[in-house]
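**Student:** Sharing a structure with you now.
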Amino acid sequence: PLLLYQCPNPMIRITELRLPLEHPAEALPAAITERLGIAPAGLLDFTVFKRGYDARKRDAIVLVYTIDATVTDEAGILAKFNKDQHINPAPDTTYKFVANLQGPPEIRPVIVGFGPCGIMAGLVLAQMGFRPIILERGKKVRERTKDTWGLWRKHQLNPESNVQFGEGGAGTFSDGKLYSQIKDPKHYGRKVLAEFVKAGAPEEILYVSKPHIGTFRLVKMVENIRREIEALGGEIRFQQQVADVLIEDGQLRGVVLASGEQIRTDHVILALGHSARDTFQMLFGCGVFMEAKPFSVGFRIEHPQTLIDKARFGKYAGNALLGAADYKIVHHAQNGRSVYSFCMCPGGQVVAATSEPGRVVTNGMSQYSRAERNANAGIVVGITPEDYPGNPLAGLEFQRQWESRAYELGGGNYEAPGQLVGDFIKGIPSTQLGSVEPSYQPGVHLTDLATSLPYYAIEAIREALPAFERQIKGFSMYDAVLTGVETRTSSPLRITRGQDMQSLNVKGLYPAGEGAGYAGGILSAGVDGIRIAEAVAEAMLGKNPP
Ligand code: FAD
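Just add 7 to wherever you are in the sequence shown, counting from 1, and you've got the UniProt record's numbering.
This is how it looks when you write it as structure tokens:
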């Protein structure tokens, strides 16, 4: 077992400390003292800040630690290793609020959307005393779960309460992967993870290198954060769709709900997510500056998880510390397109992720245990606005076109069109499943996916699948199943903001998170929520006047 000591005053950070996968617990302090060249008594305490693994050599997988250590002679050690990039003073990662409002704000800030971005923006504003009003078009998470399962189990879609819309946002029914490659010099990601742990996430998310929490825990966590925001004087209103914005002379003055109710405010955070197509249309109609941006389209692929474990971990497949194996692969196709794996969900299931009637969209989720029989991932092709020329909303129409086509190919009842990988590569329709049972609910309709996406995407994926075989043995197995279409990989547009974090042409409007094109995942959306909350707080206090 791994020993995790609490280290109240970490002083030295050691990175890239490598130990064999199956090392005994006492090997870790021994490796630390050896690395620092000190006697055991010189190490007072230590914490594992991060633990990852390096599986490039399957037969010799190593654990890679980042350690924060308290030692008797900090100055001496730092001086001795001053040229060693892996031994440094431990950075201070505690979060520092930019404001602390005494008494209620004159006008309360409004946040539209209660996904990871709106949640973190709401929480941080509430913690600073700003009592935000949060408007969410969907329902509370437990009611929303029933509606989401209504589509998965009964073919019934509720366009206002589904995988995309409702308390917790798009990532609620997900794998709950909590890592990102964003630059984070102020350690906001740490604040997000710390708040998640406080709200019930497992503590390990703070130190494993690729943390995930799975669907059920996310549900509980989201409820706990909602309660904290309310306890701090914030207000969260569900089933309140923002249908219009009030703008006077380039300054935002409030929002109008679908019910007709107006809420006056000078500061609105737009944390809409990438599926709020009607809201994007409304904002475009109001003249809010936005531009088309690249995103990706493709399919979900499913393999037996055991195949991926074996290919990645060899004899260590099934090791508890490694968990179910993931992968990240990319292929540059001859037609100039890049094909890559997206949102890989080990031991999970493919989910129906549409928010609009008459459309089919795939995505993936898992439980914390990642114990389902199949591994799934998006296999997607990068596309750019040149592929969907027109106004900034053209990407939405492009997505709609292919999602409608998938609905039609799936038989018109929310089943996803699917095909065996072997048949897809050969270009023949599938009529029978093989050894891989697809997990998509409400069901998979076997067909030919050749016309389900633009030809350049089909061509690139056909070339990539056999090429991926070289990276993961068995990847292009005949019976692996493709389902489609994967179109909501990120927002097809950006609601551009300036240095002050406000819309380029509407002051007081703060576009944020994935929908505005500033995040791509739960963690990065949460981090952007903190950034935007700080910008709003500073503007409200006149520190950074519009
Ligand atoms: P969202 O989470 O989309 O939240 C936006 C919210 O705004 C929604 O709740 C919506 O109802 C609300 N809203 C929209 N318009 C209005 C309006 N007009 N009025 C009021 N409310 C409105 N990311 C990961 O990092 N790891 C994963 O494992 C992962 N798995 C995923 C699995 C699935 C099935 C899906 C769909 C996504 C997954 N993602 C994952 C992506 C992740 O969920 C998003 O990147 C993240 O949720 C974006 O956060 P956000 O707050 O910007 O937007």
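Think of the CB as a built atom: it goes at the ideal place given N, C-alpha and C, for glycine as much as any other residue. Note that the structure is a prediction, hence the values are computed from the model and not measured.
Should proline 123 and phenylalanine 137 be called a contact, given that it needs their Cβ atoms to be closer than 7 Å?
**Tutor:** Taking 7 Å as the Cβ cut-off, proline 123 and phenylalanine 137 do not qualify as a contacting pair.
**Student:** Would you list, in sequence order, the uninterrupted beta strand (DSSP E) runs of no fewer than 3 residues that lie entirely inside the segment 89–122?
**Tutor:** For the segment 89–122, whole beta strand (DSSP E) runs of length 3 or above, ordered along the chain, are 94–96 and 117–119.
**Student:** Is the beta carbon of proline 353 sitting closer than 7 Å to the one on alanine 382?
**Tutor:** Yes. Within cutoff.
**Student:** Ignoring anything shorter than 3 residues or poking outside the segment 414–476, list the beta strand (DSSP E) runs there in chain order.
**Tutor:** List check, beta strand (DSSP E) in window: 423–427 and 451–453.
**Student:** How would you write the range of the beta strand (DSSP E) that glutamine 312 sits in, first residue to last?
**Tutor:** Looking at the DSSP string, glutamine 312 is not in any beta strand (DSSP E); the run it does join, the alpha helix (DSSP H), is 312–320.
**Student:** According to the Cβ coordinates, are aspartate 182 and glycine 355 closer than 7 Å?
**Tutor:** Yes, the Cβ-Cβ distance between aspartate 182 and glycine 355 is below 7 Å.
**Student:** Determine contact between the segment 498–514 and the segment 293–310, defined as no fewer than three beta-carbon pairs at a distance below 8 Å.
**Tutor:** Touching, yes.
**Student:** Under 6 Å from any heavy atom of the ligand FAD, does the C-beta of cysteine 124 make it?
**Tutor:** Because some heavy atom of the ligand FAD lies under 6 Å away, the Cβ of cysteine 124 counts as near it: yes.
**Student:** Buried or exposed: which applies to arginine 271, given that a residue is buried once 16 or more other Cβ atoms fall within 10 Å of its Cβ?
**Tutor:** Arginine 271 is exposed by the Cβ-count criterion.
**Student:** Applying the criterion that 16 or more other CB atoms from any shown protein chain within 10 Å of the CB defines a buried residue, is leucine 51 buried or exposed?
**Tutor:** Answer is exposed; the Cβ neighbour count stays below 16.
**Student:** With a 10 Å radius around its C-beta and 16 neighbouring C-beta atoms as the bar for buried, classify glutamate 541 as buried or exposed.
**Tutor:** Glutamate 541 comes out buried.
**Student:** State the Cα-Cα distance for the pair leucine 185 and glutamate 211, rounded to the nearest angstrom.
**Tutor:** Going from the Cα of leucine 185 to the Cα of glutamate 211 covers about 11 Å.
**Student:** Given a cut-off of 7 Å on the beta-carbon distance, is the pair alanine 155 and valine 357 in contact?
**Tutor:** Per the sequence shown, residue 155 should be read as threonine rather than alanine. No, these two residues do not count as a Cβ contact at 7 Å.
**Student:** In the DSSP assignment, what residue or residues form a beta bridge with glutamine 345?
**Tutor:** Just to set this straight, residue 345 is serine in the shown sequence, not glutamine. Partner(s): His339.
**Student:** Is alanine 532 a contact residue of the ligand FAD, with contact defined as CB to any heavy atom under 6 Å?
**Tutor:** Yes; taking the cut-off as 6 Å, the Cβ of alanine 532 has a heavy atom of the ligand FAD nearer than that.
**Student:** Alpha carbon to alpha carbon, what distance is there between asparagine 326 and glutamine 374?
**Tutor:** Taking the straight line from one Cα to the other gives about 18 Å.
**Student:** Apply the 10 Å Cβ neighbour rule to glycine 44 and answer buried if 16 or more other Cβ atoms are within range, or exposed otherwise.
**Tutor:** So glycine 44 counts as exposed.
**Student:** Who pairs with aspartate 52 in a beta bridge, going by DSSP?
**Tutor:** Paired residues: Thr77.
**Student:** From aspartate 191 to phenylalanine 56, what distance separates their C-alpha atoms?
**Tutor:** Using only the alpha carbons, I get a separation of about 16 Å.
**Student:** Buried or exposed: which applies to serine 498, given that a residue is buried once 16 or more other Cβ atoms fall within 10 Å of its Cβ?
**Tutor:** Classification for serine 498: buried.
**Student:** Once DSSP output is grouped into helix, strand and coil, what is the label at threonine 179?
**Tutor:** Correct three-state label for threonine 179: coil.
**Student:** For a test of your reading of the model: does the CB of valine 119 fall under 6 Å from any non-hydrogen atom of the ligand FAD? Yes or no.
**Tutor:** Checking the Cβ of valine 119 against the ligand FAD gives yes.
**Student:** If you run the structure through DSSP and keep just helix, strand and coil, what is phenylalanine 223?
**Tutor:** Correct three-state label for phenylalanine 223: helix.
**Student:** If we ignore side chains and look at the alpha-carbon of each, how far apart do lysine 335 and arginine 319 end up?
**Tutor:** Near 11 Å, if we compare the C-alpha coordinates of arginine 319 and lysine 335.
**Student:** Assuming glutamine 288 is part of the alpha helix (DSSP H), what are its boundary residues?
**Tutor:** Run containing glutamine 288: 284–292, per the alpha helix (DSSP H) assignment.
**Student:** Which class does tyrosine 195 belong to by DSSP, given the choice of helix, strand or coil?
**Tutor:** Tyrosine 195 falls in the helix class under three-state DSSP.
**Student:** Going by Cα to Cα distance, which pick from Val229, Val488, Leu213 and Leu403 is closest to arginine 307?
**Tutor:** Of the candidates Val229, Val488, Leu213 and Leu403, the one whose C-alpha sits nearest the C-alpha of arginine 307 is Val488.
**Student:** Going by the DSSP bridge assignment, what does leucine 70 pair with across the sheet?
**Tutor:** According to DSSP, leucine 70 bridges with Leu26 and Tyr60.
**Student:** Hey, would you say glycine 536 sits closer than 7 Å to methionine 135, going by beta carbons?
**Tutor:** Against a cut-off of 7 Å, the Cβ pair of methionine 135 and glycine 536 comes out as no contact.
**Student:** By the DSSP assignment, the beta strand (DSSP E) with leucine 142 in it spans what residues?
**Tutor:** That run of the beta strand (DSSP E) goes 140–142.
**Student:** Near leucine 530, which residues of its chain fall below 7 Å by C-beta distance, leaving aside the five closest residues on each side in sequence?
**Tutor:** The residues are Leu185, Tyr186, Ser187, Gly196 and Val199.
**Student:** In angstroms with no decimal places, state the Cα-to-Cα distance between leucine 472 and alanine 34.
**Tutor:** So the alpha carbons of these two residues sit roughly 42 Å apart.
**Student:** Quick check: what's the CA-CA separation for lysine 103 versus leucine 132?
**Tutor:** Going by the C-alpha atoms only, they are around 13 Å apart.
**Student:** Counting along the chain, where does the alpha helix (DSSP H) carrying aspartate 154 start and finish?
**Tutor:** Note, aspartate 154: alpha helix (DSSP H), 148–161.
**Student:** As a quick exercise: from Arg58, Lys300, Phe223 and Ala384, pick the residue whose alpha carbon is nearest that of asparagine 398.
**Tutor:** Selected option, being the one with the closest Cα: Lys300.
**Student:** Determine the contact status of glycine 120 and alanine 278, defining contact as a CB-CB distance below 7 Å.
**Tutor:** Yes.
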